[in-house]
Amino acid sequence: MPNQPRTEHPQNCQSYGPGHTMHWVHAKQVGKTPWGWRDGFARTAADVIVVAYAGGGSIAVWHHRRVDFPPGTPVRVHEQFHALAVGSLWINVDIREGGAGAVLEPSMPELWAAEMQAGITSVVEGTGVGLPISE
Ligand SMILES: [Zn+2]
26 MPNQPRTEHP QNCQSYGPGH TMHWVHAKQV GKTPWGWRDG FARTAADVIV
76 VAYAGGGSIA VWHHRRVDFP PGTPVRVHEQ FHALAVGSLW INVDIREGGA
126 GAVLEPSMPE LWAAEMQAGI TSVVEGTGVG LPISE
């Protein structure tokens, strides 16, 4: 996936705010709340990524580095922890428009244990990745 820094943005971004570098605590939160993802299909438009949710509705998110997708790329959005997943790659995004709100925490989150992941981050890329939790 092409991932070029936006020209107006510092090369080595030190911000962990929405849309910037993913902090390891952020990745950990995302990994521990697998019910929070919604599936959709992404396309890039201007400086935002628009995701059409498979269940209806859409959301526009922003990330500080340019991320280009072929139209229709399947992605997931975690609104509670403002993250976008492309395959196993997670990026920190800022929700700009739309969305369906955070998915409510299930009454028995332990039933999601098999879906939970260990979130780790790349200090170089400022992105996260979900890995299986080994027992
Ligand atoms: Zn940034």
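Its first residue numbered 26, the sequence shown is counted upward by one per residue in the working numbering. Quick reminder that beta carbons are idealized off the backbone N, C-alpha and C, glycines included. The model shown is predicted, which means the values in this text are computed figures rather than measured ones.
Residue i lies in the alpha helix (DSSP H); which residues open and close that run?
i, result
"V50", "49-57"
Could you give the first and the last residue of the continuous beta strand (DSSP E) run that contains residue i?
i, result
"G123", "119-123"
"T152", "152-157"
"V92", "90-92"
"T98", "98-103"
"S83", "83-87"
"Y41", "Taken as a continuous stretch (DSSP letters only), Y41 belongs to no beta strand (DSSP E), as it is neither H nor E."
"T15", "Within the shown structure, residues of the chain are numbered from 26 to 160, placing residue 15 beyond reach of any answer."
"A77", "73-78"
Report yes if the C-beta of residue i is less than 8 Å from at least one heavy atom of ligand 1; otherwise report no.
i, result
"S147", "no"
"S40", "yes"
"G44", "yes"
"H89", "yes"
"H34", "yes"
For residue i and residue j, which I take to be in contact (beta-carbon distance under 8 Å), what is that distance rounded to the nearest angstrom?
i, j, result
"V100", "A85", "That belief does not hold up - the Cβ atoms of V100 and A85 are roughly 13 Å apart, past 8 Å."
"G112", "K53", "In fact, because the Cβ distance is near 19 Å, the residues do not count as touching under 8 Å."
"W87", "V75", "Not confirmed; about 11 Å, so no contact."
Going by DSSP, which residues form a beta bridge with residue i?
i, result
"W60", "In DSSP, W60 forms no bridge with anything."
"L114", "V111, V154"
Below 8 Å, can you find three or more Cβ-Cβ pairs linking the stretch 122-137 to the stretch 148-157?
-> no
Are there three or more Cβ pairs, one per stretch, closer than 8 Å when the stretch 114-131 is compared with the stretch 50-67?
-> yes
Touching by the beta-carbon criterion (3+ pairs, under 8 Å), the stretch 39-57 and the stretch 65-81 | no
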